[in-house]
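Asker: First the structure, which I've put down as structure tokens, then a few questions once you've had a look.
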Amino acid sequence: MDQREPIEAPLEGGLAGPASVPEEEYGADKIKVLEGLEAVRTRPAMYIGSTAIEGLHHLLYEVVDNSVDEALNGYCDRIDVTIHIDNSITVIDNGRGIPTDFHEQAQRSAAEVVMTVLHAGGKFDNDSYKVSGGLHGVGVSVVNALSRRLDLEIWRGGKVFGQSYERGKPVTEFRQTGTTKRRGTKITFNPDDTIFEVLEFSYDTIAARLRELAFLNKGLRIVIEDLRSDRRDDFKYDGGITSFVEFLNAHKTALHPKPIYFEARKEDVIVEAAMQYNDGYSESIYSFANNINTHEGGTHLIGFKAALTRSINTYAQANDLLKDLRENPTGEDVREGMVAVISVKLRNPQFEGQTKTKLGNSEIKGIVEAAVNENLGAFFEENPAAAKRILAKAVEAARAREAARKARDLTRRKGALDTALLPGKLADCQERDPKFCEIFIVEGDSAG
């Protein structure tokens, strides 16, 4: 008779759990409910990516994004950013101002709701904002939650309103504090030193992003001032992304004097593209969706590249510019030496991942392709001299690629011959100088 202990049956659907852990230790009292902005303070990296310098800058970008959204929708033309000596930051815009009226659902002012409730704002329907770059779920309430102190001032309807917060919680009542002829919003915040690993903002990093936003929003003026070092920049580009391309190409030799630029609209989608070729060998393409830098590209970039290759090859074939080429120039060939900026603006962008670095809207690919095909083809027809210089660059790149391929093949074949094993009765010659070498031709093994 087997005296061994019986084996416990596994739990239904899986392996048996450790018998030493009492079931009572995991009950309803172990389920934590994080209410309001407490979740943001508990897991800040889920909302801003990290608590290092990148996350610190993200706080500022969230506030600035709200102001840029006002500009995108035609209500704001100036944003001022000030870095104070204590590393607090003030952002002022001349937009409509955050709504100040009573919010029936929340039973408090709309401004307080925006500042203290996640996913509260005017960007979740199509009425308040046509397009928005700040819809990635966090917004100014997260900035409030992760700030030691935040002071809000609103100029709206001839009145001044204000409220202060500490670590996301109101410490004063939302109230009217005066009258004014101004309009807009002013937010000053101090990042929480118990949350962030660093508290010192990088002027250069911030200025580069604000310059980018000024390029992407034609006519928007963005002023940044650093009271720690008396540095100041004033960005305003009436040329928009055309000025952006000229800026990127400033120290290079352009193949045509002015960038190619076009804008196309289809329903609620706006497509802008600017490009200019130089005599270099690398490509630089910057893609954006609702002012978000899509570092990983997406459907807008795929559509742009596909249409660019097709348009250039179509024009080249029609004008007999592909002589002596075994095959058409590839996408890499036609993009050699190109600097380009493509920007799309749409109502409901779909980004892959919370980082907003890749646009996923499938319909955008076709819209961008159609826009590039039509406008680039028209440019080539109207500017044949520039078209021929661009085509010559692509043909040269294709020939260089073909020559490099042949050289690689030759090197590989030569290497294969050099390292090939000789038959057992033969030995490789050790001497490389022909003057010291002899060859004997004999018949049969015994003669050798």
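Using this note's numbering, read the sequence shown as starting at 604 and increasing by one per residue.
Don't be surprised by glycine CBs; every beta carbon is placed ideally from N, CA and C.
Owing to the predicted nature of the structure, the values given are computational and were not obtained by experimental measurement.
Whole angstroms is fine: what's the gap from ARG831's alpha carbon to ALA810's?
Answerer: Each residue's Cα considered, the two are about 14 Å apart.
Asker: What is the DSSP secondary structure of ILE688, reduced to helix, strand or coil?
Answerer: Three-state DSSP puts ILE688 in coil, outside helix and strand.
Asker: Rounded to whole angstroms, what is the Cα-Cα separation between CYS1032 and ASP1012?
Answerer: Computed Cα separation, rounded: 25 Å.
Asker: Suppose you measure from the CA of ASP1036 to the CA of ALA1006; what does that come to, to the nearest Å?
Answerer: Whole-angstrom Cα-Cα distance: 31 Å.
Asker: Run through DSSP, which three-state label would THR1014 get?
Answerer: In this structure, THR1014 counts as helix in the three-state DSSP scheme.
Asker: With a floor of 3 residues, list each beta strand (DSSP E) that falls wholly inside the segment 919 to 953, ordered by position along the chain.
Answerer: With a minimum length of 3 residues, the continuous beta strand (DSSP E) runs that stay inside the segment 919 to 953 are 941 to 948.
Asker: Indicate the three-state DSSP secondary structure (helix, strand or coil) for PRO773 in the structure shown.
Answerer: PRO773 falls in the strand class under three-state DSSP.
Asker: Under 8 Å, do ILE686 and PHE838 count as touching if we go by C-beta distance?
Answerer: In this structure, PHE838 does not lie closer than 8 Å to ILE686 by Cβ.
Asker: Is the segment 895 to 907 touching the segment 922 to 938, taking contact as three or more C-beta pairs under 8 Å?
Answerer: No, because fewer than three Cβ pairs between the segment 895 to 907 and the segment 922 to 938 fall closer than 8 Å, the two stretches do not touch.
Asker: Distance, Cα to Cα, ASP672 vs ASN951?
Answerer: Spanning the two alpha carbons is a distance of roughly 14 Å.
Asker: Residues bridged to GLN879 by DSSP?
Answerer: DSSP output for GLN879 lists VAL942 as bridge partner(s).
Asker: Inspect the beta-carbon positions of GLY787 and ILE695 and report whether they are closer than 8 Å.
Answerer: For GLY787 and ILE695, yes; Cβs fall inside 8 Å.
Asker: Based on DSSP bridge pairs, tell me the residues matched to GLU828.
Answerer: Bridge partners of GLU828: THR685, ARG835.
Asker: What do you reckon, are the CB atoms on SER890 and GLY900 nearer than 8 Å?
Answerer: Yes; because the gap between Cβ atoms is below 8 Å, this pair is in contact.
Asker: The beta strand (DSSP E) with ARG752 in it runs from where to where?
Answerer: Element bounds for ARG752: 750 to 759.
Asker: Express the C-alpha separation of ASP829 and LEU663 in angstroms, rounding to a whole number.
Answerer: So the two alpha carbons sit approximately 14 Å from each other.
Asker: Roughly how many angstroms lie between the CA atoms of ALA817 and LEU675, to the nearest whole one?
Answerer: Spanning the two alpha carbons is a distance of roughly 11 Å.
Asker: Looking at the unbroken alpha helix (DSSP H) that takes in TYR664, where does it start and where does it end?
Answerer: 656 to 675 is the span of the alpha helix (DSSP H), which, as asked, contains TYR664.
Asker: State the CB to CB distance for the pair ALA910 and VAL971, rounded to an integer number of angstroms; the pair is presumed to be in contact (CB under 8 Å).
Answerer: Indeed they touch by this definition, with Cβ atoms about 7 Å apart.
Asker: Between the C-alpha atoms of LYS1038 and ARG1015, what's the straight-line distance to the nearest angstrom?
Answerer: LYS1038 and ARG1015: Cα-Cα distance of roughly 28 Å.
Asker: Among GLY742, LEU755, ILE688, which residue has its Cα nearest to the Cα of SER712?
Answerer: Nearest of GLY742, LEU755, ILE688 to SER712, Cα basis: LEU755.
Asker: Who are the Cβ neighbours of ARG699 in its own chain at under 6 Å, not counting the five residues just before and after it?
Answerer: Excluding positions up to five away in sequence, the list reads TYR678.
Asker: Does the distance from the CB of VAL942 to the CB of ILE844 come in under 8 Å?
Answerer: No, they are not a contact pair.
Asker: Quick one: what does DSSP say ASN793 is sitting in, helix, strand or coil?
Answerer: ASN793 falls in the strand class under three-state DSSP.
Asker: Using the rule of at least 16 other Cβ atoms within 10 Å of the residue's Cβ for burial, across every protein chain shown, is GLY771 buried or exposed?
Answerer: So GLY771 ends up on the buried side.
Asker: With DSSP collapsed to three states, give me the class of LEU858.
Answerer: LEU858 falls in the coil class under three-state DSSP.
Asker: Report the rounded CA-to-CA distance for ARG1002 versus THR856, giving the unit in angstroms.
Answerer: Their Cα atoms are separated by approximately 22 Å.
Asker: Does the Cβ-Cβ distance between ASP936 and ALA995 come in under 8 Å?
Answerer: Contact flag unset, no.
Asker: Looking at TYR918: is its Cβ nearer than 8 Å to the Cβ of GLY980?
Answerer: Result yes, Cβ atoms of TYR918 and GLY980 sit closer than 8 Å.
Asker: Buried or exposed: which applies to GLU776, given that a residue is buried once 16 or more other Cβ atoms fall within 10 Å of its Cβ?
Answerer: Exposed, by the Cβ-count rule.
Asker: Is PHE818 helix, strand or coil by DSSP?
Answerer: Residue state, collapsed to three classes: helix.
Asker: Going along the chain, which residues of its own chain have a beta-carbon closer than 6 Å to the beta-carbon of ALA877, five neighbours each way excluded?
Answerer: Result list for ALA877: ILE844, THR845, VAL848, PRO862, TYR864, VAL944, in chain order.
Asker: Following the continuous alpha helix (DSSP H) through GLY972, name the residue where it begins and the one where it ends.
Answerer: For the sequence presented, residue 972 should be read as Glu rather than Gly. Element bounds for GLU972: 965 to 985.
Asker: If we count the other Cβ atoms within 10 Å of its Cβ and call it buried at 16 or more, is VAL1045 buried or exposed?
Answerer: Its Cβ having fewer than 16 others within 10 Å, VAL1045 is exposed.
Asker: In the DSSP assignment, the alpha helix (DSSP H) including PHE850 goes from what residue to what residue?
Answerer: PHE850 -> alpha helix (DSSP H) spans 844 to 851.
Asker: Is the beta carbon of THR782 sitting closer than 8 Å to the one on LYS762?
Answerer: Result yes, Cβ atoms of THR782 and LYS762 sit closer than 8 Å.
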